[in-house]
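Number of protein chains: 2
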Amino acid sequence: MISSNEYFDSKVKSLGYKSATGNSTVGVMEPGDYEFGTSSHETMIVVEGELVALLPGETEWKSFKTGTSFEVEANSSFKVKSVGQTSYLCQYK
Amino acid sequence: MISSNEYFDSKVKSLGYKSATGNSTVGVMEPGDYEFGTSSHETMIVVEGELVALLPGETEWKSFKTGTSFEVEANSSFKVKSVGQTSYLCQYK
Numbered sequence: 125m126i127s128s129n130e131y132f133d134s135k136v137k138s139l140g141y142k143s144a145t146g147n148s149t150v151g152v153m154e155p156g157d158y159e160f161g162t163s164s165h166e167t168m169i170v171v172e173g174e175l176v177a178l179l180p181g182e183t184e185w186k187s188f189k190t191g192t193s194f195e196v197e198a199n200s201s202f203k204v205k206s207v208g209q210t211s212y213l214c215q216y217k
Numbered sequence: 125m126i127s128s129n130e131y132f133d134s135k136v137k138s139l140g141y142k143s144a145t146g147n148s149t150v151g152v153m154e155p156g157d158y159e160f161g162t163s164s165h166e167t168m169i170v171v172e173g174e175l176v177a178l179l180p181g182e183t184e185w186k187s188f189k190t191g192t193s194f195e196v197e198a199n200s201s202f203k204v205k206s207v208g209q210t211s212y213l214c215q216y217k
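Which chain is which? The protein sequence lines are P and F, in order. Just so you know, we're using my numbering here: the first sequence kicks off at 125 and counts up by one. Just so you know, we're using my numbering here: the second sequence kicks off at 125 and counts up by one.
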């Protein structure tokens, strides 16, 4: 089954599925600022666009463009700004 | 706005948005066989998983795995088999 999810008043939408290695979602964010909590380890890969992220324990925002990625530990949270509409792949483990 | 689309009895779901260069969708396909028509040129990029495609004018099915892509001209059609659940990025131009 492909699950359909919406967050932040539908400004973030995602589709959940199972990959060969675990659970994943692909999604799209509208331009804006978001804070996400993690219940498991997440690898976020920018599919198309740009995310500027403030990762746990860091004080500096970093830009992640198409094809680049960042990781966030479980039971943590991170902030992202989406520059334009941005699509992403999130892998959970 | 992020558009939500479903095809083939919800076996294919996609999210539509605008990238810096044009219209795109990210989506997920359930395992199965599909035939898609194109109204514009499409670049299909496998985000995670595997698509086996029969492209217009070809007689041999070809496998496209994570990170690989194929292109289809406008006003054409192509067949794909999704091996497991597969996520993809489709860029229109």
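No residue lacks a Cβ here, since even glycine has one placed at the ideal position from N, Cα and C.
**Asked** Got a sec? Which residues, its chain only, sit under 6 Å from F/N147 by beta carbon, not counting five neighbours each side?
**Response** Y216
**Request:** List the DSSP bridge partners of F/F188.
**Result:** F/L175
**Asked** From F/L178 to P/E154, what distance separates their C-alpha atoms?
**Response** 34 Å
**Message:** Using 8 Å as the threshold, is the C-beta distance between F/E172 and F/S211 below it?
**Reply:** yes
**Request:** Flag this pair as yes or no: are the beta carbons of F/G191 and F/V170 separated by less than 8 Å?
**Result:** yes
**Asked** Do the CB positions of F/G136 and F/Y158 come within less than 8 Å of each other?
**Response** A quick correction: the sequence has Val, not Gly, at residue 136 of chain F. Result yes, Cβ atoms of F/V136 and F/Y158 sit closer than 8 Å.
**Asked** Using a C-beta to C-beta distance shorter than 7 Å, which residues of chain F count as neighbours of P/L213?
**Response** V171, E172 and S211
**Prompt:** Mind listing which residues of the stretch 154–168 of chain P have their C-beta closer than 7 Å to chain F's C-betas, in chain order?
**Reply:** E154
**Request:** Could you please give the first and the last residue of the uninterrupted beta strand (DSSP E) stretch that includes F/E130?
**Result:** S127 to Y131
**Asked** Excluding five sequence neighbours on each side, which residues of the same chain lie with their C-beta closer than 8 Å to the C-beta of F/P89?
**Response** Because chain F in this structure spans residues 125 to 217, residue 89 of chain F falls outside the shown range and cannot be described.
**Message:** Checking the sheet assignment: what are the DSSP bridge partners for F/S148?
**Reply:** F/Y141 and F/Q215
**Asked** Among P/G151, P/A144 and P/K142, which one has its Cα closest to the Cα of F/L213?
**Response** P/G151
**Message:** Per DSSP, what are the beta-bridge partners of F/K203 in this structure?
**Reply:** F/E159 and F/L178
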